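Read the structure below first, then the notes.
Protein chains in written order, with the numbering used here: chain A, 262 to 275; chain B, 10 to 269.
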């Protein structure tokens, strides 16, 4: 889900 | 040896109330600097970050870093056994299988000890590497009771609440099958009491929508602090922060809902 992706991108940026 | 003592067990009770609806179990990382919990909810939409500094405890000793997996439900049951005025001490040996909760009455006539089995948490270690402070478009400080009230009231209208923040204040809105609701809070010009103030620091306006279900979990931290701080930028998670006296803070991160 999009919300999940936002959270993951925020905490674990590549 | 790990030992942490808090004169007010009520603080720990409130901390548990603030996380028990989001987390079933969590790893408590104990080090010389204090106790930290970082965990995501099961749906991976929100993240809880709890920090209790060692200097905030009445007594604190941690000889070796410990990661203790605990069931939040079991911990809640044990804390229910503490009297409102009791002192609480957490104690564990190095490489522990159990943790002790020791409750002592103010007159020291009653001493109760509860032992809880630790859980082997072999699930992912979050390893949050975010250390740089994000600069947010809007930061709002407002009374935590008011925030709880607004989340509760607006949850009746729909599954989500939209936060729109400008330099005048913050507007919360929700809509659903039977109607819509809007609550506007203006920035207070001169609040008599600091805890009643609404303060907005804005770089640029934001408009974000969040799930009521999570917001209503976050507001359970309300009893910890008279004020809540909401930090927002478009397309990044909301940070909803409550200070825990002089000892630390609890921060909830919640990703906004995006229309696909």
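Just so you know, even glycine gets a beta-carbon here, dropped at the ideal spot from N, CA and C.
Since this is a predicted model, take the numbers as computed values, not measurements.
*Got a sec, what are the start and stop residues for the beta strand (DSSP E) residue 32 of chain B sits in?*
Element bounds for residue 32 of chain B: n/a, residue is neither H nor E.
*Can you find at least 3 beta carbon pairs, one from the region 150-165 of chain B and one from the region 224-231 of chain B, that sit closer than 8 angstroms?*
Touching, yes.
_Let me confirm a value: residue 140 of chain B is counted as buried when at least 16 other C-beta atoms fall within 10 Å, else exposed. Which label applies?_
Bear in mind that the predicted position of residue 140 of chain B carries a pLDDT of just 46, short of 50, making it too unreliable to give a figure here.
*Can a CB atom of chain A be found closer than 8 angstroms to the CB of residue 267 of chain B?*
So, interface residue.
*When the Cα of residue 274 of chain A is compared with those of B:99, B:162, B:59 and B:245, which residue comes out closest?*
Answer by Cα proximity: B:245.
*From residue 32 of chain B to residue 218 of chain B, what distance separates their C-alpha atoms?*
Take the alpha-carbon of residue 32 of chain B and the one of residue 218 of chain B: they are about 23 angstroms apart.
_Less than 8 angstroms between CB atoms is the rule here; does residue 215 of chain B satisfy it with respect to chain A?_
By this cut-off, residue 215 of chain B is not an interface position.
*Take residue 113 of chain B as the anchor and find which of B:39, B:177, B:16 and B:211 has the nearest alpha-carbon.*
Closest option to residue 113 of chain B, Cα to Cα, is B:16.
_Determine whether the beta carbon atoms of residue 96 of chain B and residue 12 of chain B lie at a separation below 8 angstroms._
Contact flag unset, no.
*Going along chain A, which residues have a C-beta under 8 angstroms from residue 245 of chain B?*
Chain A residues near residue 245 of chain B: 267 and 271.
_Classify residue 201 of chain B: buried if its beta carbon has 16 or more other beta carbons within 10 angstroms, exposed otherwise._
Taking a 10 Å sphere around the C-beta of residue 201 of chain B, we find fewer than 16 other C-beta atoms and assign the residue as exposed.
_Which residue marks the beginning of the alpha helix (DSSP H) containing residue 221 of chain B, and which one marks its end?_
Boundaries of the alpha helix (DSSP H) harbouring residue 221 of chain B: 221-227, taken from the DSSP string.
_With a threshold of 8 angstroms between beta carbons, is residue 6 of chain B in contact with chain A?_
Given that chain B is displayed from residue 10 to residue 269, the structure contains no residue 6 of chain B and the question cannot be resolved.
*asked:* Give me, in chain order, the residues of the same chain whose beta-carbon lies closer than 6 angstroms to that of residue 190 of chain B; leave out the 5 immediate sequence neighbours on both sides.
replied: The beta carbon of residue 190 of chain B is closer than 6 angstroms to those of 163, 166 and 183 in its chain, skipping five residues each way along the sequence.
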